[in-house]
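Q: For the sequence shown, position 122 (counting from the first letter as 1) is numbered 422 according to the working numbering, and the numbering increases by one without interruption.
Backbone N, C-alpha and C define an ideal beta-carbon position, used for all residues, glycine too.
The model shown is predicted, which means the values in this text are computed figures rather than measured ones.
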Amino acid sequence: MRAFAKSILISILVSVAILLFTNFIYFFPWYMTLVVETFHLSQAVASDNYLTNDNKDYALKRLKERPVYRDKADQIVISAEKDGGGKHSAEGGPASLYEDATTDAEKPYMQRGNPVTVRIEAVYPLSIKLWGKKYEQEIPVSFSLTTTGLKHYKDLGEAYEEYLGLK
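1) May I ask you to verify whether the segment 312-332 touches the segment 342-360, counting CB pairs closer than 8 Å and requiring at least 3?
2) Which residues does DSSP list as the beta-bridge partners of A422?
3) Below 8 Å on the Cβ atoms is my guess for K420 versus E337; work out the distance and round it to an integer in Å.
4) What are the boundary residues of the alpha helix (DSSP H) that A303 is part of?
5) From L430 to V314, what distance separates their C-alpha atoms?
6) What does DSSP give as the partner residue(s) for V335 in the beta ladder?
7) Look up L430 in the DSSP assignment and give the residues it is bridged to.
8) Would you report the Cα separation of L445 and L341, rounded to the nearest angstrom?
9) Sorted by chain position, which residues of the same chain lie with C-beta nearer than 7 Å to Q437's C-beta, five sequence neighbours on each side aside?
10) If the criterion is Cβ atoms closer than 7 Å, does the pair A380 and V416 meet it?
11) Answer yes or no: the CB of S311 versus the heavy atoms of the ligand MN, is any distance below 6 Å?
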């Protein structure tokens, strides 16, 4: 009887292991989607030197339409930080909104050549259904890329004067 109980227990554990493995098969394409979306977003950030709200909303919309991301769509976070991090993010509206800003620190963008880090955070829902009951564990995952700004802004006073050699 003892051997029979062990065989039942082993078969249950093996079936749980197989279910976990099949669930992790979906993790790798899910993670690669996160990497590709971060890469595409970093290319857009590099062209403007900051993350515009339009690019952020478009990337969020694309991710929320994906099958596994749809389950935890409210937990997707997209952010961009200037070099050194701190309280100043590299996110904002169109550059025309910042033409009247009094200091360069109020602008989300920096001059060409400065790094900006783009990060996408999401939650992978690892779930198994056993005997009609669903067991779920959320795995928080993030991916970040650092890119260099390519655009030269003439309204960035001090840096522009240094560029012209006036300082």
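A: Reading off the structure:
1) no
2) Taking the sequence shown and counting its residues from 1, one reaches residue 422 at position 122. A422 pairs with V441.
3) Locating residue 420 in the sequence shown gives position 120, where the first residue counts as 1. Locating residue 337 in the sequence shown gives position 37, where the first residue counts as 1. First, the residue type needs correcting, since residue 420 is Ile and not Lys in the sequence shown. Going by Cβ atoms, the distance from I420 to E337 rounds to 6 Å, so yes, they are a contact pair.
4) Looking up residue 303 in the sequence shown gives position 3. Counting along the chain, the alpha helix (DSSP H) containing A303 begins and ends at R302 to I325.
5) Counted from its first residue, the sequence shown places residue 430 at position 130. Counted from its first residue, the sequence shown places residue 314 at position 14. C-alpha separation (whole angstroms): 13 Å.
6) Walking along the sequence shown from the start, residue 335 turns up at place 35. None; V335 has no bridge partner.
7) Residue 430 sits at position 130 when you count from the first residue of the sequence shown. In DSSP, L430 forms a bridge with K433.
8) Locating residue 445 in the sequence shown gives position 145, where the first residue counts as 1. Locating residue 341 in the sequence shown gives position 41, where the first residue counts as 1. Roughly 9 Å separates the two Cα atoms.
9) Stepping through the sequence shown from its first residue, residue 437 is reached at position 137. So the qualifying residues of the chain are L426.
10) The residue given as residue 380 occupies position 80 in the sequence shown. The residue given as residue 416 occupies position 116 in the sequence shown. For A380 and V416, yes; Cβs fall inside 7 Å.
11) Among the components modelled here there is no ligand, and therefore nothing to report on the ligand MN.
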